[in-house]
Amino acid sequence: MNVTIETGRWALRYVEKDIVCVNMPESSTVMDAVAAIGLPSDEAGITTIGGKAVPKDHCLSDGDFLKIYPVIIGG
Amino acid sequence: MLYQNTIRVLYIDMKTQKIRIEDREDLKKYMGGVGVASKLLEENIHPELPPLDPAQPVVFAIGALSTIYPVLTKTVAMFISPLTGELGESYAGGRMAMCMFLAGIDAIVIHGKADRPTYLAISSNDIQFKDARTLWNNNKDSVGRLIRDDNKRAHGGKRSIIRIGTAGENQVSFACVTVDRYRHFGRLGLGAVLGSKYLKAISIVGDRSVPIQNFKRYFKAYQDLYKKCVTTELMAKYHDIGTPVNIEPLNAAGGLPTLNLRQNRFEHANKVSGEAFSYLHLVRKVACTGCPVGCIHIGQFKREFASHGHEYETISVAYDYELIYALGTFLGIKKPREILELIEEVEILGMDAMSTGVVLGWATEALENGIITQDDTIVPLKFGSYEEYLEAVKYLAAGKNKFYKSLGQGVKYASEAYGGQDYAMHIAGNEMAGYHTGYGSLVGSAVAARHSHLCNGGYAIDQGLTDNNVDPDEMAQALLNEEIERCMLNSLVMCLFARKVYDRETIISAFAAVGEDITDDELTATARRIYATKLRVKKALGFKLQSVRFPKRFFETPSMRGVLDENMAYEILKKYHEKISDLETAE
Chain A
1 MNVTIETGRW ALRYVEKDIV CVNMPESSTV MDAVAAIGLP SDEAGITTIG
51 GKAVPKDHCL SDGDFLKIYP VIIGG
Chain B
76 MLYQNTIRVL YIDMKTQKIR IEDREDLKKY MGGVGVASKL LEENIHPELP
126 PLDPAQPVVF AIGALSTIYP VLTKTVAMFI SPLTGELGES YAGGRMAMCM
176 FLAGIDAIVI HGKADRPTYL AISSNDIQFK DARTLWNNNK DSVGRLIRDD
226 NKRAHGGKRS IIRIGTAGEN QVSFACVTVD RYRHFGRLGL GAVLGSKYLK
276 AISIVGDRSV PIQNFKRYFK AYQDLYKKCV TTELMAKYHD IGTPVNIEPL
326 NAAGGLPTLN LRQNRFEHAN KVSGEAFSYL HLVRKVACTG CPVGCIHIGQ
376 FKREFASHGH EYETISVAYD YELIYALGTF LGIKKPREIL ELIEEVEILG
426 MDAMSTGVVL GWATEALENG IITQDDTIVP LKFGSYEEYL EAVKYLAAGK
476 NKFYKSLGQG VKYASEAYGG QDYAMHIAGN EMAGYHTGYG SLVGSAVAAR
526 HSHLCNGGYA IDQGLTDNNV DPDEMAQALL NEEIERCMLN SLVMCLFARK
576 VYDRETIISA FAAVGEDITD DELTATARRI YATKLRVKKA LGFKLQSVRF
626 PKRFFETPSM RGVLDENMAY EILKKYHEKI SDLETAE
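Residue numbers (this note's numbering), protein chains in the order written: chain A, 1 to 75; chain B, 76 to 662.
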């Protein structure tokens, strides 16, 4: 299945492009998608599909648009 | 002091202009920083007197390893907060810690009130009480320039100047203290405390050197830390977009306080995101002395300064997440340029930006609801309308009328006077931070020694939860563990951005490299000793955790973890109180 994954420029330290389309095996999860684009798992904050928050173990579907936000940082 | 078994304390009486220095062995068990400052505060406070009484002390302290290792760059200030009436604790970077270290001073205790506006000029062998009448009523930039002009001797960058603005002079309860150009003792009103002492500024010159012993061992420890800071991912994000990167994830997660927390998302978040600020205004990144990271993001904007003739000035302003939240999303301001201009004005006047934004958010809603009128606010405050806010901050700093005088004592005070307490967004008297992330941030700020999100990082606990189900006992324990650990970290007075750099093993190695053998158990004991000291101070000042009441809105607007249950919040509070009962009486 094909999934479009958007991070944002904050992630360019880890990934080549801030928006990519990847082919994933069926039953892949959000965490699998994070790994597929080479983003360290602890750098992935909230994840949304179609603007709605989804957990990291959520199973992806063909045509999903996954957005990965950075973790919240601070003191 | 480095290589000494004592802590050097400089005592200053503003009234008599007398000073004394004590080298205290007994303070060594508090390590430094917040540990030493807490103990000195406990020794010197007068609980029976109001926070701004001349007899009340202000304490500044640097860390046990300040300056000699990367990122140990901050100074802690402790005092009685005029905002909350209890423990005041605030941190600032810049050059101050280095200058105190090189002046041979670990801590400064100031009390008394000068007969006239005064500034202190401190070096390793000289303390002068200088006439500051010409500095009074001047803003932070003018004061810095005038003090530099007054002391033309070159100091090779080893001078730090801290000063208050007009808000501090007028004793606005959340007046801040500016350190050098871009850093602040921001929260809880240290500026008002200095103002109450007629203390406009302090200049500290670090004019001695401290030879390093066993250089080879020290250098290796330094290099290890330096590499950890600059070659790993631990600090890179703070340099990159910096904390403004938080705007978008908090917005997406529903944890971004917006329009006085009527909303948990801002429809214009993408316009005020960290990336938007970088793209539109970021011109450079600077660092505190001794920090190889450079997290201070400087934005620039152009402003016309004459009504005709096309005359423009370029203004540079430091920005970060909390400022964008408080003077941006919380007030519905959607243009980075307007947020920068508000930040600049608040800084010039010398107020805490977070408290300023929150009190103005409440005032805007109170005006909408008719519990105050435009006779009170003078300008028609309206969410999203920055020009009115730009005027209002001037009225706030000046205490322009009865309403602004009241607002200048914080949103808790103003809402008790005028009404609208359900939407006065404070926690135990301190205006909320920019995280509506869940019980961790809400209850965390209530139980926090100084009611700051930085005491226990409750927002990070919220972020780490795998679902929205919270066990009250586990949440209370997580908050307490982090609060205690940070007491130890703040005895080093590190920048808390670097807390993952300084794990226990690293701290022990850093001490060992300068000849101090300290064990993991001793670090734990010190952390608990410091926290117990803070709790005793709070108790002496009459604080009761069980008396904390949360404004209703926290339970109406959904958080990042959904709608919070009021009963659960109080249950966590109760559990926390039970857990600290033994510490409250510990020595």
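Virtual Cβ for every residue (Gly too), placed ideally from N, Cα, C.
- The Cβ atoms of residue 206(B) and residue 228(B) lie no closer than 8 Å to each other.
- Linking residue 195(B) to residue 161(B) through their CA atoms gives a straight-line distance of about 26 Å.
- Pairing residue 370(B) with residue 171(B), the inter-Cα distance amounts to about 17 Å.
- Two segments are said to touch when three or more pairs of C-beta atoms, one from each, lie closer than 8 Å; by this definition the stretch 412 to 424 of chain B does not touch the stretch 475 to 495 of chain B.
- Comparing alpha-carbon positions, the option among 645(B), 510(B) and 259(B) lying closest to residue 339(B) turns out to be 510(B).
- Using a Cβ-Cβ cut-off of 8 Å, residue 556(B) does not count as an interface residue toward chain A, since no Cβ of chain A sits closer than that to its own.
- When DSSP reads this structure, residue 163(B) sits in a beta bridge with 154(B).
- The three-state reading of DSSP puts residue 69(A) in strand, counting E and B together.
- Of all residues in the stretch 561 to 576 of chain B, those with a C-beta nearer than 7 Å to a C-beta of chain A are 571 and 572, reading in chain order.
- Between residue 402(B) and residue 458(B), the gap from beta carbon to beta carbon reaches 8 Å or more.
- When DSSP states are grouped into helix, strand and coil, residue 220(B) belongs to the helix group.
- Look at the stretch 337 to 374 of chain B and you find these whole runs of beta strand (DSSP E), each 3 residues long or longer: 357 to 361.
- Contact with chain A is absent for residue 303(B), since none of that chain's Cβ atoms lies less than 8 Å from the residue's Cβ.
- The stretch 301 to 311 of chain B makes no contact with the stretch 216 to 230 of chain B, as fewer than three CB pairs between them are under 8 Å.
- Shortest Cα-Cα distance from residue 638(B) to any of 250(B), 331(B) and 629(B) involves 629(B).
- Within the stretch 61 to 75 of chain A, the residues whose Cβ lies closer than 8 Å to some Cβ of chain B are 67, 69, 70, 71, 72, 73, 74 and 75, listed in chain order.
- Classified as exposed, residue 203(B) has fewer than 16 neighbouring CB atoms from the shown chains inside 10 Å of its CB.
- Annotation: the continuous alpha helix (DSSP H) that includes residue 468(B) extends over 461 to 473.
- The secondary-structure analysis by DSSP pairs residue 59(A) across a beta bridge with 29(A).
- 8, 9, 10 and 13: these are the residues of the stretch 4 to 20 of chain A whose beta carbon lies less than 8 Å from some beta carbon of chain B, given in chain order.
- Proximity of the stretch 100 to 109 of chain B to the stretch 138 to 147 of chain B meets the contact definition, three or more beta-carbon pairs being nearer than 8 Å.
- Secondary structure note for residue 314(B): its alpha helix (DSSP H) is the uninterrupted segment 311 to 314.
- Residues of the stretch 327 to 341 of chain B with a C-beta atom less than 7 Å from some C-beta of chain A are 327 and 328, listed in chain order.
- DSSP, reduced to helix, strand and coil, places residue 17(A) outside both helices and strands of the structure shown, so it counts as coil.
- Residues of the stretch 27 to 45 of chain A with a C-beta less than 8 Å from any C-beta of chain B: 40, 43 and 45, listed in chain order.
- Under the criterion of beta carbons closer than 8 Å, residue 244(B) and residue 608(B) do not qualify as touching, at roughly 31 Å.
- A direct Cα-to-Cα measurement between residue 618(B) and residue 634(B) gives close to 27 Å.
- Residue 524(B) and residue 613(B) do touch by the CB rule: their CB atoms are close to 7 Å apart, below 8 Å.
- Counting only Cβ-Cβ distances below 9 Å, residue 312(B) has contacts in chain A at 10, 13, 43, 70, 71 and 73, in chain order.
- DSSP places residue 623(B) outside both helix and strand once states are collapsed to three, so it counts as coil.
- Residue pairing from DSSP places residue 53(A) in a beta bridge opposite 48(A).
- When rounded, the separation of the alpha-carbon atoms in residue 113(B) and residue 83(B) is 15 Å.
- Secondary structure at residue 78(B): coil, using DSSP grouped into helix, strand and coil.
- Contact annotation: the stretch 583 to 596 of chain B does not touch the stretch 545 to 561 of chain B, with fewer than three C-beta pairs closer than 8 Å.
- Per the coordinates, the alpha-carbon of residue 239(B) lies some 16 Å from the alpha-carbon of residue 156(B).
- Counting along the chain, residue 652(B) sits inside the alpha helix (DSSP H) bounded by residues 641 to 659.
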